[in-house]
DNA sequence: CTCGATGCAAAGTATTTGCACCTAT
DNA sequence: ATAGGTGCAAATACTTTGCATCGAG
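Chains as they are written, first to last, in our numbering: chain W, 25 to 171; chain E, 25 to 171.
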């Protein structure tokens with residue numbers, strides 16, 4: 025994502041906060057920019073370490089509190105990959121993807137498949153179920169690890 | 025599942041244990057039968073409470089240790105429904121199903137869809153990925169909760 | 001009789017919360 | 001000025017582990 029686009033997102037975040045009387049503090053800005061500085065999935069711990077290496081010290085509590093806000097504001101999505109802690113990824117409008125998770129090297133490959141999306145909608149219809157979100161994960165070995 | 029079938033599974037479990045020099049203790053038998061006495065998804069805590077109500081006291085540690093064994097022996101499958109703790113379900117040979125999870129009442133609806141399964145295989149081919157297992161979950165509102 | 005199993009309590013992980021002090025608005 | 005935010009340490013929730021004792025094979 026370009027800096028330009030990140031700034032647009034940042035404004036959306038500021039607006040979100042302002043609209044409910046919350047504040048855009050230096051800590052929140054620091055976390056916001058670190059989160060959008062990378063495009064990989066990450067965990068709370070990764071974020072903490074990344075900030076430390078940049079000599080930007082923010083407490084664990086604030087990181088968790090801010091991640092929660094970023095999920096509520098629609099900037100992040102929480103994903104659980106069979107582990108007991110959360111992973112986060114950016115939300116990109118109009119794009120849904122699923123994951124292939126390699127049990128060999130831990131690599132996470134994203135893919136999109138329109139046909140699967142449509143079939144999921146059909147399943148919902150069949151059960152009169154109103155879908156809010158969905159996720160699909162395939163665990164196995166990636167091409168490299170199969171060799 | 026009929027008692028007859030459960031006994032067959034129990035034998036498989038005994039064999040599994042025997043084959044690696046492990047023992048079929050009264051505690052393990054107690055847990056085994058409770059696990060197969062119901063067909064719903066359950067959590068470690070449910071199991072503990074269920075046993076308590078039956079005046080069968082088994083320690084939490086043993087429950088966790090035995091659940092791990094039942095997963096390894098292929099009797100149970102571990103599923104995570106967006107919460108941070110595990111849910112378990114029986115493994116039935118040759119049957120794979122996915123889940124609709126109602127965010128209103130917490131109900132979990134199982135469904136199978138052959139077309140989706142086939143498309144998942146195609147995705148794996150596309151990425152030269154060797155699938156070991158997969159799961160799909162759709163979160164939303166069930167028919168009852170939509171009213 | 002022996003090695004694995006059990007219960008308990010303590011230790012781990014990942015995350016949340018209470019509180020006194022601080023600061024963006 | 002004041003409601004909301006921060007860091008810290010303690011609390012929580014779920015699960016695992018160390019250890020002394022027990023019991024299945």
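No residue lacks a Cβ here, since even glycine has one placed at the ideal position from N, Cα and C. Remember, predicted model here, so these are calculated numbers, not experimental data.
Interface positions of the region 52-69 of chain E facing chain W (Cβ-Cβ less than 7 Å), listed along the chain: For the region 52-69 of chain E, which is checked against every Cβ of chain W, not one residue is closer than 7 Å.
Helix, strand or coil at residue 80 of chain E according to DSSP, with G and I counted as helix: Walking along the second chain from the start, residue 80 of chain E turns up at place 56. Three-state DSSP puts residue 80 of chain E in coil, outside helix and strand.
Test: residue 138 of chain W CB closer than 7 Å to a CB of chain E: Numbered from 1 along the first chain, position 114 holds the residue referred to as residue 138 of chain W. It does not: the Cβ of residue 138 of chain W has no partner Cβ on chain E nearer than 7 Å.
Anticipated Cβ contact below 8 Å, residue 82 of chain W with residue 75 of chain W, distance rounded: Translated into the one-based positions of the first chain, residue 82 of chain W becomes position 58. Translated into the one-based positions of the first chain, residue 75 of chain W becomes position 51. Contact holds; Cβ gap of about 6 Å.
Beta-carbon contacts of residue 148 of chain E that lie in its chain and below 8 Å, excluding the five residues immediately before and after: Reading the second chain from its first residue, position 124 is the one you call residue 148 of chain E. Correct list, in chain order: 154 and 155.
Residues near residue 95 of chain E by beta carbon distance below 8 Å, same chain, minus five either side: Numbered from its first residue, the second chain carries residue 95 of chain E at position 71. Counting only Cβ-Cβ distances below 8 Å, and skipping sequence neighbours, we find 101, 102 and 112.
Residue 164 of chain W burial status per 10 Å Cβ neighbour count (16 or more: buried): Taking the first chain and counting its residues from 1, the one referred to as residue 164 of chain W is at position 140. Counting Cβ neighbours within 10 Å, residue 164 of chain W comes out buried, since at least 16 surround it.
Residue 67 of chain W, enclosing beta strand (DSSP E) - first and last residue: Sequence index remark: in the first chain, residue 67 of chain W carries index 43 (1-based). First-last for residue 67 of chain W: undefined, no H or E at that position.
DSSP state of residue 151 of chain W mapped onto helix, strand, coil: For this step, residue 151 of chain W is matched to residue 127 along the first chain. Correct three-state label for residue 151 of chain W: coil.
Reduced DSSP category for residue 74 of chain E - H, G, I as helix; E, B as strand; rest coil: In the second chain, counting from the first residue as 1, residue 74 of chain E sits at position 50. In the three-state scheme derived from DSSP, where H, G and I count as helix and E and B as strand, residue 74 of chain E is classed as helix.
Reduced DSSP category for residue 172 of chain E - H, G, I as helix; E, B as strand; rest coil: Since the first residue of chain E shown is 25 and the last is 171, residue 172 of chain E is not available in this structure.
Reference residue 68 of chain E; option with closest CA among E:87, E:62, E:54 and E:45: The residue labelled residue 68 of chain E in the question sits at position 44 within the second chain. That would be E:87, whose Cα lies nearest to the Cα of residue 68 of chain E.
Test: residue 103 of chain W CB closer than 7 Å to a CB of chain E: Sequence index remark: in the first chain, residue 103 of chain W carries index 79 (1-based). Closer than 7 Å: no.
Where the alpha helix (DSSP H) through residue 41 of chain E begins and ends: Within the second chain, the letter at position 17 stands for residue 41 of chain E. Residue range 27-43 is occupied by the alpha helix (DSSP H) that includes residue 41 of chain E.
Of the listed residues W:30, W:66, W:38 and W:120, nearest to residue 135 of chain W (C-alpha basis): By 1-based counting over the first chain, the position of residue 135 of chain W is 111. The option with the nearest alpha carbon to residue 135 of chain W is W:120.
Integer Cβ distance of residue 143 of chain E from residue 133 of chain E, believed to fall under 8 Å: Mapped onto the second chain, residue 143 of chain E falls at position 119. Mapped onto the second chain, residue 133 of chain E falls at position 109. At roughly 21 Å, the Cβ-Cβ gap does not stay under 8 Å, so residue 143 of chain E and residue 133 of chain E are not in contact.
C-beta contact flag for residue 128 of chain W and residue 169 of chain W at 7 Å: Taking the first chain and counting its residues from 1, one reaches residue 128 of chain W at position 104. Taking the first chain and counting its residues from 1, one reaches residue 169 of chain W at position 145. Closer than 7 Å, so yes.
Closest by C-alpha distance to residue 31 of chain W, when choosing among W:99, W:80, W:92 and W:84: For the purposes of this step, residue 31 of chain W is taken as residue 7 along the first chain, with counting starting at 1. Of the residues W:99, W:80, W:92 and W:84, the one whose Cα lies closest to the Cα of residue 31 of chain W is W:99.
Nonlocal neighbours in the same chain, by C-beta distance under 6 Å from residue 40 of chain W, ignoring five residues either side: The residue you call residue 40 of chain W lines up with position 16 of the first chain. Closer than 6 Å at Cβ, skipping near neighbours: 97.
Candidates W:57, W:47 and W:51: closest to residue 29 of chain W by CA position: As a first step, residue 29 of chain W is located in the first chain; it is residue number 5 there, counting from the start. Taking each of W:57, W:47 and W:51 in turn and checking the Cα distance to residue 29 of chain W, the smallest one comes out for W:57.
Residues of the region 142-160 of chain W whose Cβ lies closer than 9 Å to any Cβ of chain E, in chain order: Taking 9 Å as the cut-off between beta carbons, the residues of the region 142-160 of chain W near chain E are 143, 144, 146, 147, 148, 150, 151, 152, 153, 154, 155, 156, 157, 158, 159 and 160, in sequence order.
Residues of its chain near residue 141 of chain W, where Cβ-Cβ distance is below 7 Å and the 5 sequence neighbours each way are ignored: Counting from 1 along the first chain, the entry for residue 141 of chain W is found at position 117. Around residue 141 of chain W: 120.
Residue 59 of chain W in three-state terms, based on DSSP: By one-based count along the first chain, residue 59 of chain W stands at place 35. Residue 59 of chain W falls in the helix class under three-state DSSP.
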